[in-house]
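Colleague:
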Amino acid sequence: MSEITIKRVTRDELHLLLPLMKHCFNMEVDVVYIKWKFLENPAGEFVGFGAFKDGELLGFNGIYPELYCINGKEQVIFQLGDVMTHSSIRRMGMFEKLATACYNHIRESHQLVVIGFGGEISTHGLLKMGWKKIKNFNYYFKHHLHCRWSSLWINTKSDYIVNEVSNLDDIIQLHYKHTYRNEKIYQKFTAEYVQWKISNPRRKYHSFVCYQQNEAVGYIIFYKEDGKIVIFDFVYTNRKVSAQLLKKAYEYCKNLHCSGVIGIAAGDSLLAKRLLKAGFLHNPFSKGPLHVKVPFMLLADNPLVNDMLNPQNWLIEPSGHDAL
């Protein structure tokens, strides 16, 4: 019987991820998506290690570089991305072996700082490896009937103009002006980064900016997935602007026959407050629709240096989530 070999996955081997993604996630993806996700990230290429047997990729652990500002200094850290193990080699400790190979490779040239969002299965394994929970992300939602009523109730204001845009300059400026609250650790929200994220070939993103007297006063970015409108980012300067921007999301929900509009945000974030003010619901219970809490987690060799275990020091936005 052939042995399993663990080694770094090269650019020329990325196509081997296609059948593994289909097996593990039931995701039908192509090489265009693989190239976008693994090679076109403006912060740098992925670091991934795989479990190979007879030339077939049966396990994978990938992490992705991201540019963060930590206590006023720019620093590259990494986010945990795709973790996959073929059913034929499960219960062999591959999750930990592949992850350890990734982390040791990073240690050769960087301080190890890896962030991630735990899943129902992965969270337990991450905690066993020394990861720490920092804060929880919650789902916020509006049912399609509520969206339809809200859309009818919101009148279009002549002094507010909402345009779909491709140029991100106004979005970047608004984001930096209205998102931060003196957090010490946050991702650099650059035009290059946002453009890369919304170029995901599996989705069609819509970016709307609201103008008042030719001045940008708010924006919303959303897309459709699994029969829902998903809010990628949302910033506004007052309640009237909020209503005009959300009206676009509600109209898309209605026209595309979606089941509702959802957002995901840290419970202590400005985005969570914005969604709640707009009438979105949050399920605080352990059962029922969208009750799952998504833990934001950290693995760092020396997290106390920059007080990384303090939740208040982190600004983590849904746009930074690997899956959004």
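Under our numbering, the letters of the sequence shown match residues 22 to 345, in that order. Built from N, CA and C at the ideal position, the CB exists for glycine as well. None of these values were measured; they are calculated from a predicted model.
Please state whether DSSP places VAL230 in a helix, a strand or coil.
Modeller: strand
Colleague: Could you spell out the range, first to last residue, of the beta strand (DSSP E) harbouring MET318?
Modeller: 315–321
Colleague: Quick check on the DSSP output: the beta strand (DSSP E) that includes LEU88 runs from which residue to which?
Modeller: 77–91
Colleague: Using the three-state DSSP reduction, which class does ASP328 fall into: helix, strand or coil?
Modeller: DSSP places ASP328 in coil when its eight states are reduced to three.
Colleague: Are GLY341 and GLN208 closer than 7 Å when you measure CB to CB?
Modeller: yes
Colleague: Classify MET22 as buried or exposed, calling it buried when 16 or more other Cβ atoms lie within 10 Å of its own Cβ.
Modeller: Low confidence applies here, because MET22 scores a pLDDT of 49, under 50, leaving its location unreliable; read the following figure in that light. Classification for MET22: exposed.
Colleague: DSSP state of ILE175, grouped into three classes?
Modeller: coil
Colleague: Could you give the C-beta distance for PHE73 and TYR85, rounded to a whole number, given that I count them as a contact under 8 Å?
Modeller: About 21 Å; that fails the 8 Å criterion.
Colleague: For a test of the three-state rule: what should DSSP assign to GLY341, helix, strand or coil?
Modeller: Helix, per DSSP.
Colleague: Please classify ASN334: does DSSP put it in a helix, a strand, or coil?
Modeller: helix
Colleague: Apart from the five residues just before and just after THR211, which ones in its own chain have a Cβ nearer than 8 Å to its Cβ?
Modeller: PRO63, LEU88, ILE193
Colleague: Counting Cβ pairs, one atom from each stretch, are 3 or more of them under 8 Å apart for the stretch 252–272 and the stretch 166–182?
Modeller: A contact exists between the stretch 252–272 and the stretch 166–182.
Colleague: Excluding the 5 residues flanking LEU127 on each side, which residues of the same chain have their C-beta closer than 8 Å to its C-beta?
Modeller: According to the sequence provided, residue 127 is Ile. The question's Leu does not apply to it. VAL68, ILE84, PHE99, LEU133, VAL135, listed in sequence order.
Colleague: So for GLY146, helix, strand or coil by DSSP?
Modeller: helix
Colleague: Can you list the alpha helix (DSSP H) stretches of 4 or more residues lying completely in the stretch 250–276, in chain order?
Modeller: Listed in chain order, the complete alpha helix (DSSP H) runs (minimum 4 residues) inside the stretch 250–276 are 260–276.
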